[in-house]
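Participant: Quick one: structure below, then a few questions.
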Amino acid sequence: MDLESPAQQAVRSAAKEFVANNIITRASEFDKSGEFHLYLLDAAKASRIFAMAVPKEYGGLGYDALTQALVLEEWGYGCAGMGTTLAASVLSIEAVLIAGNDEQRRRFFAPMLNGEIGAFGLTEPEAGSDVGAGTTTAVREGEGYRINGAKCWITNGGVASVYVIFAQTDVKKGTKGLSAFIVERDRPGFIIGDKEHKLGLRSSNTVYFEFKDVQVPAANRLGQEGDGMKIAMKTLDTARPAIAALAVGLAQRCLDECVGQLHRRFPDRPFPGQTLQFKLADMQIQVEAARQVVRHTMMLRDAGLPFARESAISKTLGTDVAMTVSSEAVRLMGSGGYTSELGKFMRDAKVMQIYEGTNQIQRLVISRALLAPTAGAAPLPKGVAS
Amino acid sequence: MNFELTEAQQQVGRNAQTFARSHLDAMALDLDRCGVFPKGIIDELAGHDFLGLLVPMASGGVGAGFINHIQVVEAFSRSCPAIASILNNHALAAHAVAQWGSDAQKQHYLPPLAKGRKLGTLAIYEDGPSPGIGPDPLLALRQGGGFTLTGTKAFVRNAGVADLYVTFATLEPTAKEPRLTAFLVDADTSGLTIGPGLDTMGLKGCPVAQLFFQAAALGPDALLGEENGGSAIATRLLSLGSLAEAAQTVGIGWAAVKHAAEFATRRVQFGHPIATLQAIQTLLAEAATDCHLAWLGIQRAAQLVEDGAPFEIHAAMVKAFVGRFGSRTLIDAIQVEGGLGISESKPFGVGGTMPLARLFRDMAGTTLLDAPADFPAKLIAESIV
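Those protein sequence lines, which keep their order, are chains A and B. The first sequence begins at 3 in the working numbering and counts up by one. The second sequence begins at 8 in the working numbering and counts up by one.
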């Protein structure tokens, strides 16, 4: 794709090679076992890809948003579960880039530069889409805070070294009382709970955890007290097109696998009937449209322009396309598709319509930008997030 | 036009619902986890007369009609779709013997099939675009008054656990338009081996595998119907099968819609149960509409089957329709439940296990198009062009 710069092309082909050698080869195995793909962290260590969003001045790769999308698309092509580990780590980096000071950034990014990963903890059992309903609290005590509560459905939650955690510093204020904190994994009272067994993205680590009187210094607070909601929303704006990039990769993989299965099954017939030909064309139309929306969103972001609306559009389109294309692929390829890796892609896609803000929440964001436009970014519905 | 079922038909439907609740609900999760064919339940199914529904009373069966069959498949699918699949493949094999078998074949096979002493299934598909023209078709040779079969059948349900495979082979592959011939193949036929069970994403417990035939010798009495008469038999069985699969789609769909609706009344976000949100109501309403309309179409087609009238176009339309909404119903039902909907275990903060992830995987295996001939649009278009 010639519109990419030579640097971007180089990153992409390196990602493609890494995915071919390290991800595609083992994705099924880890999907079956549901174990976390720890080997991948070792394999990726030399390339420091988990620090791709860390600016060069902090010793990271400093990839712009578009370049990150190219990498994520390749990872999604290989395994959206493994890609989710990368995307979730980048998400935690983005939160610190958005709200962290220089000292916090250096501290938070250090493990990422060393091949470790981060996690982002917002969701709670009673606070999914309704972020303001969270009950995790951070109470000011002397030089620091004491955190109590629980978080669930946290990606990388059991395997990260550093976390960005959201807690209420003023419960009475709801979303306006939400604050963000860096929490290191080894803090006493930070208890990692059981892993969730999921329909898809099985090798991606999803856990709940609890905070029992976890003490963090005030220096770990990102931004001011009450900035949490703003930080969470801005961070999720950056994460949504990243998820969409994974989804585009997944959907393209489904198409390529369909073509491969057709050619294997019908070696003498390069073209199946028109019904199937047109289905494949429709699938490719959707994938290409989603891919371009993702890239456009990333280019807006790289240009410093508002991209919240496009972020919501790309997440919804990308993951809906991945769902449609993977389900069609399974159905059209029949039992052969049902017993192949296409089934995994379908299961993976279903999870992607839900995490990082359900596609229903994205539609609220998009329709509000249409119905009640204001200058700049689309207004978010009160208390609405992931 | 009367959509009312007779009292006897309603009774079978009620029995199936009761059996599903008392026997299948409890086993569905474990069966999905272990994926091992549930031998024990076969005796239970037989004991409750579900295995002999399509077998005439004279042959030891119930002599019920196809409407009863789809009722049972739909009811079982609400609880454990894998059992519905096992039952459906068995019932269609028994139907094939009852419909096209000789008196001797009926006498030999039907009583044990009806009582669950034997399990049956169909072996129709091959790896190629259609049976007889792929890379490794199942070919039949006339030999010493009988036949030998050589080649491979693909994606056979109940493979390895069935005692009878109603098997379709090509007898005259060089004919201008080769047709299939149907055979009754016992599992212990020498030269028949069963491939390893395929790793399916759902309907676990209903095994799927290839059948390999190496000069498997059959007597003349293994021929079902006429030589070269199998294509018509296969077509009819596939049409009946697509109605049963549609019933399975509806059963799984209703189970999902009801679970999601119940969840939505309990899940509170933004101060209200999410069932009060229009966006959630729309997802549920559209899924319920699809299930309802599909069921009307299925019942209509099943009535035509019972009347002995042509039903194939109706079956194709039903297949096309359920293919459009089947997976979407689960995609949307899970969306209502969010993170909890994709859980395969007992998620944090919830007392029990969540069934929609399992039903999602089961649904994906229910609406497959296994061969180009399965594309229902072709048959429908031919009927109107």
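Even glycine gets a Cβ: it sits at the ideal position worked out from N, Cα and C.
Just tell me which of B:E293, B:T177, B:V168 has its CA closest to the CA of A263 of chain B.
Facilitator: The residue you call residue 263 of chain B lines up with position 256 of the second sequence. Nearest neighbour of A263 of chain B by Cα position, chosen from B:E293, B:T177, B:V168, turns out to be B:E293.
Participant: By the three-class DSSP mapping on this structure, what secondary structure does P219 of chain A have?
Facilitator: The count along the first sequence starts at 1 and reaches residue 219 of chain A at position 217. The answer is strand: DSSP assigns P219 of chain A an E or B state.
Participant: If you scan the stretch 234-310 of chain B from start to end, which runs of the alpha helix (DSSP H) of 4 or more residues do you find wholly inside it?
Facilitator: 237-273
Participant: What residue range is occupied by the uninterrupted beta strand (DSSP E) comprising S181 of chain A?
Facilitator: As a working mapping, residue 181 of chain A is identified with position 179 in the first sequence. S181 of chain A -> beta strand (DSSP E) spans 180-186.
Participant: Closer than 8 Å, CB to CB, is G78 of chain A near chain B or not?
Facilitator: The residue labelled residue 78 of chain A in the question sits at position 76 within the first sequence. No, G78 of chain A lies away from the interface with chain B (no Cβ there is under 8 Å from its Cβ).
Participant: Report the start-end ranges of each alpha helix (DSSP H) in the stretch 25-62 of chain A that is 4 residues or longer and not cut off at the edges.
Facilitator: Counting whole runs of 4 or more residues, the stretch 25-62 of chain A contains the alpha helix (DSSP H) stretches 29-35, 40-47.
Participant: Between which two residues does the beta strand (DSSP E) harbouring D196 of chain A extend?
Facilitator: Indexing the first sequence from 1 puts residue 196 of chain A at position 194. 192-197 is the extent of the beta strand (DSSP E) around D196 of chain A.
Participant: Does any residue of chain A bring its CB to less than 8 Å from the CB of A65 of chain B?
Facilitator: In the second sequence, residue 65 of chain B corresponds to position 58, counting from 1. Answer no: the Cβ-Cβ gap between A65 of chain B and chain A never drops below 8 Å.
Participant: Taking Cβ positions, are G83 of chain A and L74 of chain A nearer each other than 8 Å?
Facilitator: As a working mapping, residue 83 of chain A is identified with position 81 in the first sequence. As a working mapping, residue 74 of chain A is identified with position 72 in the first sequence. Using a Cβ distance threshold of 8 Å, G83 of chain A and L74 of chain A do not count as a contacting pair.
Participant: Along the chain, where does the beta strand (DSSP E) that runs through C154 of chain A open and close?
Facilitator: Indexing the first sequence from 1 puts residue 154 of chain A at position 152. Here the beta strand (DSSP E) through C154 of chain A covers 146-157.
Participant: Comparing the C-beta of T272 of chain B with each C-beta of chain E, is any distance below 8 Å?
Facilitator: Considering every chain present, this structure includes no chain E. Its protein chains are A and B.
Participant: State yes or no: is the C-beta of Q112 of chain B nearer than 7 Å to some heavy atom of the ligand FMN?
Facilitator: Annotation note on the ligand FMN: not contained in the displayed structure, which lists no ligands.
Participant: Excluding five sequence neighbours on each side, which residues of the same chain lie with their C-beta closer than 7 Å to the C-beta of Q221 of chain B?
Facilitator: Here residue 221 of chain B corresponds to residue number 214 of the second sequence, with the count starting at 1. Counting only residues of its own chain and dropping the five nearest sequence neighbours on each side, Q221 of chain B has a CB closer than 7 Å to the CB of T157, G198.
Participant: Bridge partners for I167 of chain A per DSSP, in chain order?
Facilitator: For the purposes of this step, residue 167 of chain A is taken as residue 165 along the first sequence, with counting starting at 1. In the DSSP output, where bridge partners are listed per residue, I167 of chain A has A:G123, A:F183.
Participant: Cβ of P379 of chain B within 8 Å of Cβ of P142 of chain B?
Facilitator: Residue mapping note: residue 379 of chain B aligns to position 372 of the second sequence, counting from 1. Residue mapping note: residue 142 of chain B aligns to position 135 of the second sequence, counting from 1. No.
Participant: Give the single residue among B:E11, B:K122, B:D228 whose Cα lies nearest to the Cα of G151 of chain B.
Facilitator: Walking along the second sequence from the start, residue 151 of chain B turns up at place 144. Measuring from the Cα of G151 of chain B, the nearest candidate turns out to be B:D228.
Participant: Suppose you measure from the CA of R164 of chain B to the CA of T240 of chain A; what does that come to, to the nearest Å?
Facilitator: Taking the second sequence and counting its residues from 1, one reaches residue 164 of chain B at position 157. Taking the first sequence and counting its residues from 1, one reaches residue 240 of chain A at position 238. For R164 of chain B and T240 of chain A, the distance between alpha carbons rounds to 47 Å.
Participant: Identify every run of the beta strand (DSSP E) within the stretch 112-140 of chain B, keeping only runs that are complete inside it and at least 3 residues long; order them along the chain.
Facilitator: 127-130
Participant: So if DSSP puts R164 of chain B in a beta bridge, which residue, or which two residues, is it bridged to?
Facilitator: Against the second sequence, residue 164 of chain B aligns to sequence position 157. Paired residues: B:V215.
Participant: Helix, strand or coil: which one does DSSP assign to R142 of chain A?
Facilitator: Locating residue 142 of chain A in the first sequence gives position 140, counting from the first residue. In this structure, R142 of chain A counts as strand in the three-state DSSP scheme.
Participant: Using the Cα positions of L120 of chain B and S350 of chain B, report the straight-line distance between them to the nearest angstrom.
Facilitator: Taking the second sequence and counting its residues from 1, the one referred to as residue 120 of chain B is at position 113. Taking the second sequence and counting its residues from 1, the one referred to as residue 350 of chain B is at position 343. So the two alpha carbons sit approximately 38 Å from each other.
Participant: Would you call S7 of chain A buried or exposed, if buried means 16 or more other Cβ atoms sit within 10 Å of its Cβ?
Facilitator: In the first sequence, counting from the first residue as 1, residue 7 of chain A sits at position 5. With fewer than 16 Cβ atoms within 10 Å of its Cβ, S7 of chain A is classed as exposed.
Participant: Which one or two residues does DSSP pair with R109 of chain A in a beta bridge?
Facilitator: In the first sequence, counting from the first residue as 1, residue 109 of chain A sits at position 107. The partner list for R109 of chain A (beta bridge, DSSP) is empty, contrary to what the question assumes.
Participant: Using only the alpha-carbon positions, how far apart do L207 of chain B and V332 of chain A sit?
Facilitator: As a working mapping, residue 207 of chain B is identified with position 200 in the second sequence. As a working mapping, residue 332 of chain A is identified with position 330 in the first sequence. Before going on, a small fix: residue 207 of chain B reads as Thr here, not Leu. If I take the Cα positions, the gap works out to 11 Å.
Participant: Flag this pair as yes or no: are the beta carbons of P243 of chain A and K317 of chain A separated by less than 8 Å?
Facilitator: Residue numbering aside, residue 243 of chain A sits at position 241 when the first sequence is read from its first letter. Residue numbering aside, residue 317 of chain A sits at position 315 when the first sequence is read from its first letter. Yes; because the gap between Cβ atoms is below 8 Å, this pair is in contact.
Participant: Taking the alpha carbon of I26 of chain A as the reference point, which residue from A:R349, A:R148, A:E259, A:S131 has its own alpha carbon closest?
Facilitator: Translated into the one-based positions of the first sequence, residue 26 of chain A becomes position 24. Closest option to I26 of chain A, Cα to Cα, is A:E259.
Participant: Distance, Cα to Cα, V133 of chain A vs I140 of chain B?
Facilitator: If you number the first sequence from 1, residue 133 of chain A lands on position 131. If you number the second sequence from 1, residue 140 of chain B lands on position 133. Using only the alpha carbons, I get a separation of about 58 Å.
Participant: Near T200 of chain B, which residues of its chain fall below 7 Å by C-beta distance, leaving aside the five closest residues on each side in sequence?
Facilitator: Counted from its first residue, the second sequence places residue 200 of chain B at position 193. If we look at T200 of chain B and ignore the five residues flanking it on each side, its Cβ neighbours are F219.
Participant: Would you give the residue range spanned by the beta strand (DSSP E) that F61 of chain B belongs to?
Facilitator: For the purposes of this step, residue 61 of chain B is identified with residue 54 of the second sequence, where counting begins at 1. First, the amino acid is wrong: residue 61 of chain B is Leu here, not Phe. It is not in any beta strand (DSSP E) - L61 of chain B carries neither H nor E in the DSSP assignment.
Participant: Drop a sphere of 10 angstroms on the beta-carbon of T69 of chain A, count the other beta-carbons inside from all chains shown, and report buried for 16 or more, exposed for fewer.
Facilitator: For this step, residue 69 of chain A is matched to residue 67 along the first sequence. By the 10 Å Cβ count, T69 of chain A comes out buried.
Participant: Keeping to the same chain, check which residues put their C-beta closer than 6 Å to that of A53 of chain B; ignore five residues upstream and five downstream.
Facilitator: Your numbering for residue 53 of chain B matches position 46 in the second sequence. The answer, listed in chain order, is K122, G123.
Participant: Taking Cβ-Cβ distances shorter than 9 Å, what residues in chain B pair up with S131 of chain A?
Facilitator: Stepping through the first sequence from its first residue, residue 131 of chain A is reached at position 129. Per Cβ cutoff of 9 Å: Q276, F277, I281, G345.
Participant: Quick one: is M3 of chain A buried, meaning 16 or more other Cβ sit within 10 Å of its Cβ, or exposed?
Facilitator: Within the first sequence, the letter at position 1 stands for residue 3 of chain A. Note that M3 of chain A scores 48 on pLDDT, short of 50, meaning its location in the model is unreliable; the coordinates nonetheless yield the value given after this. Exposed, because fewer than 16 other Cβ atoms sit within 10 Å of the Cβ of M3 of chain A.
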